[in-house]
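First comes the structure, then the notes that go with it.
Chains as they are written, first to last, in the working numbering: chain W, 5 to 423; chain E, 5 to 423; chain L, 51 to 426; chain B, 51 to 426.
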């Protein structure tokens, strides 16, 4: 199958779609057809709904699906993390139970890693899972959990052994979110949106066969999740809203699904600082004639352009097969600089109007949303400080800090008192 | 003696000066007269050339000496450190040998603490002093030694025991700088001046009775020196040049002495950034009409004014008897900010002329000297990083960094390889 | 020039600090900020009746305490620290100061006692929808007639404009320009032709309104067409006071960041033991102390009527603008994700920092004004 | 647009890096910077004869390599990295580029082969003692007569002006203003009426001179009074190249700071293990990489003659100005007291950073020029 030529593949997909795509099908039924044909996840193994295709050939499948305007399977957001983890570490039983339903969208997922006090350090988790009477019993608190309020299942990192080293006492579970003992509370942010939840576990239960990998081997599984998450980071935040709604029941159902999934992210564009709005805003307010403001705008645009060119330089080097240079690791930190500078410039441009929000504010409140959203960018997905540590240690090969949490049983590691 | 009333004291000094001050005396002879009368160092003990006067009453003596335009004893620069250390920790024999000659100016002194690799950490000294055949034998290298090239004696911190903890293996010595085995090399700075020396010791000798305090007790003695140095830091750097030369042989000799002592510091005003030159410079170059430059000047002046007001606030609180607030600890770090901002502003004002130095440069090269001198201010006397550590730990009571150099014999502390 | 607070001033500060810790915890701030008027009448009476804050810098002859801007600065600094929801800045600082600078004896006797007692809540309406803080931006006209005037135009960014009883309004003679033809007027809340529209403010603890005047009858305050100088003085004094309020908030943020860092552990260490955290806290301390010094100096200079006063008021406001916002950004960052949540209190001060940054003019505007004086 | 260097370009870079490591160690830089001319004739010939750097961006028809600004940028970046003491920037960048942009065929055939071979060392004389980098600042007049011109006025900040054989001079028709009436001329070093005065430069590795012209006979280069456009193009291209040179130096500084921190211990720890040091190094890396991206983009845009070219050249120069100096300051700071000594090499780059910061215009000037384009 992996030797399929591009043309043959394209022809096969095309004829299959001609025969099967009907925009009035039920979404789940349509996706099951796709999955059964192997077109839903063509890079996956034959045994698990796929065709073992290379990523390049899989793009051909995607192109054809897009070309006819068909709906694809569900592969975005936390559910994609579940899929990656199950493929890499799941038992056959787990794959059987979850993979298909994740692709059809019948199950939605959330990721339960971060906790209060270990936002930058998921390996410091203190949510506990104790094995009692043939099942795991979970107690503790998770934070920064997107979509937990509508998730069916969760990817849970919990501590199962307190006498081992920090990274060795963790296990990885699939937990039913629709059970007693799981309480989900939305977490409102300072910009008024609620993109995250906190999740409280009080003797919630996990079946013995929903442990992923080995007991005590949770960190390795979590690493797969985090790598996958990091790779998906950009595309995830970039999708700012549901795509165009096309006619047909399948599309309508897919759009509703996307709208629910993307709702937490509607303000994400604003946290970048929206450099795209600066020149026009300055022109409209007349501040473009102020030499002092012009300097600030020029600094901002220079920074944004340089960051963009740096990203293109990294991609071009990668495309040319060169070893990755330092330029690829800098985007996250640079994004913080841009957002802060942009917030400053928007304030200078808006002047007194920067005090106003909603319909009274500049651009119908958009500028106000920028001003109260930009502080997130230097925190979410790894604070600036963590990014600088990573750049220093991984790119510049500078020594790590002394780590009092790595050389003793986790039980003895100093931790914050719960607040 | 300490109950002397101010008027009686003033009358006594006045009549003594009338009887004895003669601007044509040899400098040393005149100073010996002053010392014998107890007017040279009136706060010192009766037994050691003083009169046990309070600092307030001692000011009366100084006022009278200044009033008649007489020359005082030698009490500036590293020699004042020697005097403080000898008074606090010296043996009677050491006081006998050195105190008077330090006041007359016959002996000059230098301080031998810093080393390559321990500029911010004098307790990390690796210059060694070994006791052999009834005397100490010294080998190693010292750095940042002002006036070493014309000093007769040095205040030396050296390691005498390598199996003790870092701060406990140090001893404090008085070392003859005019002996074989002591080599002084001037250290030229990037601004062309040579304010410091490096000093190489190769089996240089120190008599057994030139150990100050106990063997292994050197750090306590060094602390006296460092406290005294810190207190004198401001006045030290401020004296930018020799005072007016008055007629008479005594004055001529004192001026020559001062010129030699102050020569290393002639560029010190420039390292502050010379905010005082900014407005006039901008007016002269026409840049005062540039709104962008005006903003930068305004930022600089705001910073400089706020720093000045903060210092006055600290002094006023001290004068009012209040406990010292945080504002007193910030001056050194603030001075760095001012100097860097000032260098930027001078560059903006000078424009292309900032490329020129000497007679071709703005203000006859003064601006160029500022530009190549300001990098010193964030380093000398404790780097900005050290200052921030101090503020965090001493003012804000934040925890110290893990210190691998404090918990083991110094022999086992990781050190830089000599370069 | 006063560089150290007197014992009485320190005592005033500690009384206020305790009082606001009791009466303005963030639970109260959060409750009041959700209301339309944004403050509580009982709290407002308490300020006057319980701690006698009526008319701090109003002469005793008019029912005030007869103190100065240094004391008023202490009051607003403590209010800024506790984020007190109150029309104090609008009424007791802006409007009262305008009357003190501009009004004649009769008018002072008429207005000040009621302002000092808190019976009247007033505010100053001078900026307009163009967002300019200089008098050149004033377009509202005042047409004389029958001993009174009729005002036409729109005022905006009026602090507590939706809840004030009395407006002090800056307007100009028709056809006049720049600093010419300016007069101050008093207008009652219920004056016919006046429409008050609350504005949605980014900072919910500081309510703003827009006031539309259509032939509204108004009484002259002070000299006809003589408002330029007293208004400029009022604005400079208000800037000095706003700077004090802002450094109060900045200091509170700085302390909360330090407290948080001293309690939380990450990677098995207190986060306050990380060098980057220590250095950031040191920088924050430096910045806040410098801004405090500038605010204190400006308040003292206002009392001394020092020659450099307007310039140092501009300096203090510019420093406070930069420092308060920077401190708020750092404080959120130090708190990490928690600092970005609604339940954490940091955003309350962040939003105050953000609105204060531009209220009465942003830093660049003040620096330009300042340099006009220093460079003259 | 080219975002990745080709294998040939990478090979060029590594050849140059090795060559300059061999031929321009800092001992050589220190020796040459103390000489009056500041460069060595044998080294200059070596550049041409040993590594064939003659006329990188000069067409092969005129004896050059026929490459572009991307390759020229690599050359000057490596020269900036090694602080090569050479008239390359004056002759092979400034003067050669001016001729390429302005000259007619005959003149190109006359000058370019000798420039490409290194036989002639030329430079561009356009700024004047007023220190302006725009053509509006040009006051030198050119009076026509007898098929030639006579130049009067003073040029300053002329790179390698004291050691060049040939000057490309920008002057204007008497009475003309702004970008009108400008022409370029060639003047030989030995022309009567020309006085060359070396200037004391803060950066001793980059020699400057002042040239006084009193009725100096000159030959027109290119179109009479048509120099505005080719000169503007030359200046933008030169800025892109200077940005490349500067990021070469900045990268070298950054690496030296990292190397030093990785070798020195203080308080029993490698100083590279302190978090403040790690964060500073991370910031330096970010800043230098961004400035490199801008410089590389500008060079590629120069080759493509892209529509946004002049703007991105300004952008690249402004970024390089800020970054090079900031990196130099950090590097001194990281070295501590040692970094402030003459014997440590950091100050050599610091001074180059300082002079490059304002050479061809400072960052604010370039940003203003840039925004004029972006905002248009």
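Using N, Cα and C, we set each Cβ at its ideal position, and we do this for glycine too.
Considering Cα atoms alone, identify which of the options is closest to residue i.
i, options, result
"residue 142(B)", "406(B), 176(B), 291(B) and 277(B)", "291(B)"
"residue 346(E)", "386(E), 389(E), 202(E) and 374(E)", "374(E)"
"residue 73(L)", "88(L), 281(L), 92(L) and 147(L)", "92(L)"
"residue 140(B)", "419(B), 213(B), 273(B) and 336(B)", "213(B)"
"residue 149(L)", "167(L), 341(L) and 173(L)", "173(L)"
"residue 412(W)", "123(W), 43(W), 18(W) and 169(W)", "169(W)"
"residue 10(E)", "333(E), 361(E) and 62(E)", "62(E)"
"residue 426(B)", "302(W), 353(W), 379(W) and 202(W)", "302(W)"
"residue 126(E)", "96(E), 103(E), 173(E) and 101(E)", "173(E)"
"residue 80(L)", "398(L), 419(L), 415(L) and 414(L)", "398(L)"
"residue 337(W)", "353(W), 352(W), 379(W) and 367(W)", "379(W)"
"residue 164(W)", "18(W), 44(W) and 140(W)", "140(W)"
"residue 418(L)", "380(L), 355(L), 215(L) and 367(L)", "367(L)"
"residue 23(E)", "109(E), 123(E), 69(E) and 31(E)", "69(E)"
Tell me, which residues are paired with residue i by DSSP?
i, result
"residue 191(E)", "200(E)"
"residue 115(W)", "159(W)"
"residue 179(E)", "158(E)"
"residue 141(E)", "134(E) and 209(E)"
"residue 267(L)", "200(L)"
"residue 247(L)", "260(L)"
"residue 147(W)", "Its beta-bridge partners do not exist; DSSP assigns none."
For residue i, does the three-state DSSP call read helix, strand or coil?
i, result
"residue 56(W)", "coil"
"residue 381(E)", "coil"
"residue 334(B)", "helix"
"residue 330(W)", "helix"
"residue 391(B)", "strand"
"residue 195(L)", "strand"
"residue 218(L)", "strand"
"residue 207(B)", "strand"
"residue 97(B)", "helix"
"residue 405(E)", "coil"
"residue 237(B)", "strand"
"residue 74(E)", "coil"
Please state if the CB of residue j and the CB of residue i are separated by a distance shorter than 8 angstroms.
i, j, result
"residue 207(B)", "residue 356(E)", "yes"
"residue 384(B)", "residue 300(B)", "no"
"residue 109(L)", "residue 118(L)", "no"
"residue 424(B)", "residue 361(B)", "yes"
"residue 102(L)", "residue 162(L)", "no"
"residue 217(E)", "residue 181(E)", "no"
Using 10 angstroms around the beta-carbon of residue i, count the other beta-carbons present and answer buried if the total reaches 16, otherwise exposed.
i, result
"residue 260(E)", "exposed"
"residue 364(W)", "buried"
"residue 169(B)", "exposed"
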